[in-house]
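A.B. asks:
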Amino acid sequence: MVRKIEQQSRKWQQVDCLSGEILYEITKGDLEGSWDSRISVKPMREDYVLNKNNKPELHPCPPYVVIECSAAKVMNGQNIYGNPVDFQDTCQRLLDRIGDMLGVSFPPAARWWVRRVDWAEIYALPFTAIQEFFEGIYTIQFPRRKASKYGDHAVYFPGSTTTVKLYHKGLEFAKHDNYRMKRFFTNWRSQNPLTPASKNQEWVRRKIAALQRLANNRLRVEVEIHADKFDTDFGHKPLVREVTDEYLIGLHDREIKRLLREGNEAMQTVRNSKVVLQRLTDFYGLVTAGRLHGFWYQLATHGETECRKQYAKTVFYRNRKLLVDAAVSWNGTDVKLIRSQGALPVDFAPLRTDSRLCTAQVREKPAFIIERGFYQPAAMAA
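Residue numbers (this note's numbering): 483 to 864.
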């Protein structure tokens, strides 16, 4: 199987000969990022083994194949909707289709190792609310992690076992997927000779505009799970049949809660300064509430890094724990935002318990469906 893959060219493409449109692309190289729509297939004959100094070295081994792709983009052409559920079934469907393309018969998905999974959740919010969310979240400090920011619409927190990424899907779609999707839809509609070209162009314009509008109102919260995390949690390299949706969702929730430190999710998180004072008074009394409110104000305006410099270590962490216990947030507060009554709901938190979580099922006939092959159109709709 590996020899057959190696004998093929470095890059596989399905190209429409009339238009030159690339319908899909498979490469042996690594993907550029989580936004990459390509499929990576890498035959391997070496693996890392620890030497006597406990450092990894490449050594010859029985051949194996590494496959990497975005399941959502393979199935739907884009990942505005989020990611597909039923991880094990998704892996099998991907292997079946990739095997058909390459003319090889892969082992069942249940017998493959899992080395990375990106689990994402999507939240429906107005465009301005998402921008306000990032204005507030830029003050968050992840324990032992340094935030990397991309303009005013994305932030990620890299780590050795997981990486947390939050970004405005609309701006990311416009940069990485808009043009690619437009080319695909243009080629698809042009295959119908009975429809005037002007109507095809108008249909494509409306289709792309609809996707862009949808993406503009979506916040994507993603946890990238690395191989080391899987190995630690399972005690070995886990197989696909061992990795369940429950495990992936649970890990996603824990990482996001750890990031936000939103406290008790059953209680309404408060951000307005007057409500914060009242909440702290209800919990701790007037004297302690006044002290904690000043501490909260510094967190909200200056962020944790600067605030930590003003307090002794034990005092800082004790006060912060008291805020968390009272379900008081210092992220995205009315002190931090330019407008006290902005578009961002005061009770919003990117947790799966939030009412803005997108959970609806994707329509059965999207433009891209895996059962008919990658990037193959379903029955044409008006």
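Every residue, glycine too, gets a C-beta built ideally from N, C-alpha and C.
None of the values given here were measured: they were computed from a predicted structure.
#1: Would you call Ile820 buried or exposed, if buried means 16 or more other Cβ atoms sit within 10 Å of its Cβ?
#2: Should Met526 go down as buried or exposed, given a rule of 16 or more other Cβ atoms within 10 Å for buried?
#3: Need the endpoints of the beta strand (DSSP E) that Leu826 sits in, please.
#4: Glu528 bridges to which residues according to DSSP?
#5: Tell me whether Asn699 is buried or exposed, calling it buried when 16 or more other Cβ atoms sit within 10 Å of its Cβ.
#6: Sort out for me which residues DSSP pairs Phe798 with in a bridge.
#7: With a CB to CB cut of under 6 angstroms and the five nearest residues on each side skipped, what residues in its chain are close to Val844?
#8: With DSSP run on the structure shown, which of helix, strand or coil describes Leu762?
#9: In chain order, what residues of the same chain have a beta carbon less than 8 angstroms from the beta carbon of Ser642, not counting five sequence neighbours either side?
#10: Which residue comes first and which comes last in the alpha helix (DSSP H) that contains Ser672?
#11: Beta-carbon within less than 8 angstroms of Ile487's beta-carbon, same chain only, minus the 5 sequence neighbours each way: which residues are those?
#12: Going by CA-CA distance only, name the one from Ala831, Leu774 and Tyr793 that's closest to Leu804.
#13: Once DSSP output is grouped into helix, strand and coil, what is the label at Val844?
#14: Does the contact criterion of 3 or more C-beta pairs under 8 angstroms hold for the region 567-585 versus the region 663-676?
#15: Mind reading off the beta-carbon distance from Tyr606 to Asn565? Whole number of angstroms is fine, and I expect it under 8 angstroms.
#16: Taking the continuous beta strand (DSSP E) assigned at Trp601, which residues delimit it?
#17: Can you tell me whether Asp829 is buried or exposed? The criterion is at least 16 other CB atoms within 10 Å of its CB, across all chains shown.
#18: Using only the alpha-carbon positions, how far apart do Ala691 and Glu614 sit?
C.D. replies: Working from what's here:
#1: Any answer about Ile820 is weak, because its pLDDT of 41 lies below 50 and its placement is not dependable; what the coordinates show is given next. By the 16-neighbour rule on beta-carbons within 10 angstroms, Ile820 is exposed.
#2: Exposed.
#3: Note, Leu826: premise wrong, no beta strand (DSSP E); not H, not E.
#4: By DSSP's assignment, Glu528 forms a beta bridge with Pro542.
#5: The residue is buried, with at least 16 neighbouring Cβ atoms inside 10 Å.
#6: In the DSSP output, where bridge partners are listed per residue, Phe798 has none listed.
#7: Same-chain partners within the cutoff: Tyr563.
#8: For Leu762, the secondary structure class from DSSP, reduced to helix, strand or coil, is helix.
#9: Only residues of its own chain outside the window of five on either side were considered, and among them His708 and Asp710 have a CB closer than 8 angstroms to the CB of Ser642, listed in chain order.
#10: In the DSSP annotation of this structure, the continuous segment of the alpha helix (DSSP H) that includes Ser672 starts and ends at Asn660 to Ser672.
#11: The residues are Val523, Pro525, Val547, Leu584 and Val586.
#12: Closest in C-alpha terms to Leu804, from the list Ala831, Leu774 and Tyr793, comes Leu774.
#13: Of the three classes helix, strand and coil, the one that applies to Val844 here is coil, per DSSP.
#14: In this structure the region 567-585 does not touch the region 663-676; the number of beta carbon pairs closer than 8 angstroms is below three.
#15: First, the residue type needs correcting, since residue 606 is Ala and not Tyr in the sequence shown. Ala606 to Asn565, Cβ: 16 angstroms. No contact.
#16: According to the DSSP assignment, Trp601 belongs to the beta strand (DSSP E) that extends over Val599 to Ala606.
#17: Exposed, by the Cβ-count rule.
#18: Approximately 23 angstroms between the Cα atoms of the pair.
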